[in-house]
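In mature numbering (1 follows the signal peptide of the UniProt record, and there is no 0), the protein residues as written are -24 to -1, 1 to 238. Ideal placement from N, C-alpha and C gives every residue a C-beta, glycine not left out. In this text, all values refer to a predicted model and were calculated from it rather than measured experimentally. Here the structure is laid out as structure tokens; the discussion comes afterwards.
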């Protein structure tokens, strides 16, 4: 028996060529390419904790039949229960499940979902869209441009260590290089990069929890930066504590609020 080995970078390049990009075959009813560019503004922050193992060696992209089905059929046709038999069989691989979690996040828009059945348990589960690079793929055959862009998104979200790192996916406009500006303030990360688990402070409280020691159910926000030693006053609807007069700082509604500064 011969065993052939190749480096992981080569495998990733092969994936970029063979998976998604080159799969648009002779199938009917392809969704049309977008005729022109429009404008759309929304958050494009997304994590990149897709492991190289799941990206390159999952049972979907490495199987010739499943690979072709992915590039030539709507996602709902392949995955919505009962699902396409070959795809359902390949989903027994945990790496394939992780791979699809990221593919759906790249392709479908925020608010779109794709239901699928977990082969080992028979339980119905849901993948959620995030970026909306190719939302029509849910119900239509993907175009070549769609496959290329989703491939790029998947490769950008690869992290060899499986750590969760926030990305901001943006392109360059040849006539206006500065059209996509960096955010002036980076919102706080709600996940531990090493474990990809949500920090306890941002997890919903299991039971009603009150007091300054509460460490659940917080909403994160960022307001800017300042020079060390500068006096900064924050508020949730109260007066300036230094004067007890003037305009209220911030606002609150519905219940008593607690403001925690980190």
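| said: For residue 33 and residue 69, what's the separation of their Cα atoms in angstroms? | reply: 10 Å
| query | Thinking C-beta only, is residue 209 closer than 8 Å to residue 202? | reply | With respect to residue 209, residue 202 sits apart: the two C-beta atoms are not nearer than 8 Å.
| query | Ends of the beta strand (DSSP E) at residue 93? | reply | 89 to 93
| field | Selected residue, minimal CA-CA separation from residue 67, among 89, 97, 87, 47 | value | Measuring from the Cα of residue 67, the nearest candidate turns out to be 97.
| request: Could you name the residues of the same chain whose beta carbon sits closer than 7 Å to that of residue 86, not counting the 5 residues immediately before and after it, in chain order? | output: 105, 106, 108
| query | Helix or strand or just coil, what does DSSP make of residue 135? | reply | coil
| message | What does the alpha-carbon distance come out to for the pair residue 60 and residue 75? | response | 17 Å
| Coil, strand or helix - residue 207 by DSSP | Three-state result, residue 207: coil.
| query | Quick one, are the C-beta atoms of residue 91 and residue 56 less than 8 Å apart? | reply | yes
| task | Could you say which of 182, 151, 125 lies nearest to residue 80 if we only look at CA atoms? | result | Among 182, 151, 125, the Cα nearest to that of residue 80 is on 125.
| task | Alpha carbon to alpha carbon, how far is residue 94 from residue 45? Give it in angstroms, no decimals. | result | 19 Å
| request: Kindly identify the DSSP beta-bridge partner or partners of residue 102. | output: 91
| Beta-carbon separation (whole angstroms), residue 82 vs residue 130, contact threshold 8 Å | 6 Å
| message | Just list the residues that DSSP pairs residue 85 with in beta bridges. | response | Paired residue(s): 106, 107.
| said: Distance check for residue 77 and residue 103, CA to CA, integer angstroms please. | reply: Straight through space, the alpha carbons of residue 77 and residue 103 are spaced by roughly 6 Å.
| request: Compare the Cα-Cα distances from residue 115 to each of 171, 184, 64, 49 and report the closest residue. | output: 49
| residue 72 versus residue 188 - alpha carbon distance | Those two C-alpha atoms are separated by around 43 Å.
| message | According to DSSP, simplified to helix, strand and coil, what is residue 174? | response | strand
| Boundaries (first-last residue) of the alpha helix (DSSP H) holding residue 151 | That residue, residue 151, is in no alpha helix (DSSP H); it is neither H nor E in DSSP.
| query | Quick one: what does DSSP say residue 220 is sitting in, helix, strand or coil? | reply | coil
| request: Could you check if residue 41 is buried or exposed, using at least 16 other CB atoms within 10 Å of its CB as the buried criterion? | output: It is exposed - the Cβ of residue 41 has fewer than 16 other Cβ atoms within 10 Å.
| field | Candidates 84, 63, 140: closest to residue 35 by CA position | value | 63
| said: Tell me the rounded alpha-carbon separation between residue 151 and residue 65. | reply: Rounded to the nearest angstrom, the two C-alpha atoms are 47 Å apart.
| Buried/exposed call for residue 110, threshold 16 Cβ in 10 Å | buried
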